[in-house]
Each structure stands twice: as structure tokens, then as C-alpha cells.
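> Dropping the structure in here first, questions after.
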């Protein structure tokens with residue numbers, strides 16, 4: 003697939019995968035912020051968010067609300083079961099939604 007046919011978010015996903023494989027992004031390493039990645043790749047923040055969603059689904063990164071995204075301990079392990087990856091991504095999504103709901107509810111109580 004040529005670069006012209008590759009979607010911008012896919013370019014980011016592939017670049018992070020390559021950096022993980024080569025050891026340039028070791029387990030526990032914090033990724034740059036969404037804004038920094040958007041500037042680095044010349045894309046909109048939404049494009050970066052889509053790439054981060056793909057990377058979370060693939061089990062390469064995990065995110066903490068307000069702290070950022072980090073390379074998983076198992077990112078280099080090709081033997082990780084896809085069910086485990088899917089569950090991890092689901093757990094992260096539920097935590098994110100719970101944090102958002104809490105913010106919305108706090109906004110109503112003020």
C-alpha cells in the first residue's frame with residue numbers, strides 16, 4: 003500500500019507499531035499529547051484520536067484520563083490473546099465513559 007492510499011490515522015498507527023517493534027517506544031513510555039502528535043503528523047486532533055483508538059484496540063497502548071497514553075507492557079508480545087486485548091480495550095472505554103459521566107453529573111450539581 004502506498005503512502006497516498008494510506009489514511010492519515012493509519013500512518014500514525016503504523017509509525018507507532020514500527021517504533022514499538024524497533025524498541026524506540028519501550029513498554030511504559032508515554033506518547034506525546036494529542037496536540038503534539040497532530041502537529042508532528044500535520045493532521046487534525048480527531049485523526050490522532052482515531053489512531054489512538056486503533057492502537058488501544060490492538061493492545062499496543064492504554065490511556066489514563068488526564069494523564070495520557072502509554073505503551074503497554076505486552077505491546078511487543080505477539081502471543082497476547084485477542085480476547086484479552088479486546089477486554090482491555092473495553093475496560094479502558096468503560097473507565098473513560100464513567101469519567102465523562104461523572105463530569106456531566108458534577109456539572110448538574112453545581
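Numbering (the numbering used here), first residue to last: 3 to 112. Don't be surprised by glycine CBs; every beta carbon is placed ideally from N, CA and C. Small disclaimer: the values here were computed from a predicted structure and weren't measured.
Count the CB pairs spanning the region 42–51 and the region 4–18 that are closer than 8 angstroms, and state whether there are at least three.
Short answer: they touch.
> With a threshold of 16 other CB atoms inside 10 Å of the CB of residue 4, please say whether the residue is buried or exposed.
What you label residue 4 is simply residue 2 of the chain shown in a count that begins at 1. Its pLDDT being 46, under 50, residue 4 is placed unreliably by the model, and the measurement read from it follows with that caveat. Per the 10 Å Cβ criterion, exposed.
> Helix, strand or coil for residue 48, going by three-state DSSP, please let me know.
Looking up residue 48 in the chain shown gives position 46. Here residue 48 sits in helix by DSSP.
> With burial defined as no fewer than 16 other Cβ atoms inside 10 Å of the residue's Cβ, what is the status of residue 96: buried or exposed?
Taking the chain shown and counting its residues from 1, one reaches residue 96 at position 94. It counts as exposed.
> With the cut-off set at 9 angstroms, would you say residue 91 and residue 70 are in Cβ contact?
Numbered from its first residue, the chain shown carries residue 91 at position 89. Numbered from its first residue, the chain shown carries residue 70 at position 68. Not in contact: residue 91 and residue 70 (Cβ atoms no closer than 9 angstroms).
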